[in-house]
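J.:
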Amino acid sequence: MLRKQLAGITGAMGIALLAGCASGGLEENSPYDQVQGNYAGVLPCADCSGIDTRLMIENQNDVSGTFTMKSKYLGKGDAKKNDPMVTEGQVMVMKDVGPNQYPIVYQLTGGDGTAVYNLLPLSNGNLQILSRDYTKIPSNTDLTLKRLK
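Position in the sequence shown (from 1) plus 395 gives the number in the working numbering.
Put into structure tokens, the structure is as follows:
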């Protein structure tokens, strides 16, 4: 009798465990957690050889994000006078935006509230810069910030 009760309890626990897994018992990472990390790239520049860009995105408890971007103009004037420009601000998750209805775009917003960049996450972990209207920018140059390991 005791064996039958234990078998019934064990079976019920197993079913409950499987049901928990099937209903999404393991949560997906938040969009802020997915993008957290360091990125780098050389972006195009109209009057220099490029803008060396370093981006650090931090997750803030899965409900918001912050960023620090350091940009340095390459091949422009005296290197000693060309200290990196530092921009800090908030990371906002934009969903289903633009004519292509991208599922997620990360918008970097500076301290004054203006958008700095719209970034499309790519399947390889990199971020592609989009225009202000969330479209890909036609360019022969690389507009991607690559995730650093």
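Using N, Cα and C, we set each Cβ at its ideal position, and we do this for glycine too.
Could you give the distance in angstroms between the alpha-carbon of Lys531 and the alpha-carbon of Leu515?
T.: Cα to Cα, Lys531 sits roughly 9 Å from Leu515.
J.: Give me the DSSP bridge partner(s) of Tyr501.
T.: Its beta-bridge partners are Val488, Leu514.
J.: Have a look at the DSSP bridge pairing and note the partners of Lys465.
T.: Looking at the DSSP assignment, Lys465 forms a beta bridge with Arg449, Val481.
J.: For Gly432, which beta-bridge partners are listed by DSSP?
T.: Its beta-bridge partners are Ile452.
J.: Hey, could you find the ends of the beta strand (DSSP E) Lys471 is sitting in?
T.: It is not in any beta strand (DSSP E) - Lys471 carries neither H nor E in the DSSP assignment.
J.: On the CB-based measure, 16 or more other CB atoms within 10 Å of its CB, does Leu540 come out buried or exposed?
T.: Looking at its Cβ environment, which holds 16 or more other Cβ atoms inside 10 Å, Leu540 is buried.
J.: What does the alpha-carbon distance come out to for the pair Leu525 and Glu483?
T.: Those two C-alpha atoms are separated by around 19 Å.
J.: Can you tell which of Glu423, Gly445, Tyr512, Asn454 has the C-alpha that lies nearest to the C-alpha of Gln431?
T.: Out of Glu423, Gly445, Tyr512, Asn454, Asn454 has the C-alpha closest to the C-alpha of Gln431.
J.: Beta-carbon within less than 7 Å of Pro452's beta-carbon, same chain only, minus the 5 sequence neighbours each way: which residues are those?
T.: According to the sequence displayed, residue 452 carries Ile and not Pro. Taken in chain order, the residues that qualify are Val430, Gln431, Gly432, Gly460, Phe462, Val486.
J.: Over what stretch of residues does the beta strand (DSSP E) that includes Ile532 continue unbroken?
T.: Ile532 -> no beta strand (DSSP E), and no H or E assigned at all.
J.: Is it true that the CB of Val481 sits closer than 8 Å to the CB of Lys465?
T.: Yes, Cβ-Cβ distance for Lys465 and Val481 is below 8 Å.
J.: In whole angstroms, what separates the C-alpha of Ala535 from that of Asn519?
T.: The identity of residue 535 in the sequence shown is Asn, whereas the question assumes Ala. Going by the C-alpha atoms only, they are around 20 Å apart.
J.: Taking only the alpha-carbon atoms, compute the straight-line gap between Lys372 and Asp478 and give it to the nearest angstrom.
T.: An answer regarding residue 372 cannot be provided, because it is not within the stretch 396 to 544 covered by the chain.
J.: Quick one, are the C-beta atoms of Leu503 and Val511 less than 8 Å apart?
T.: Yes, they are a contact pair.
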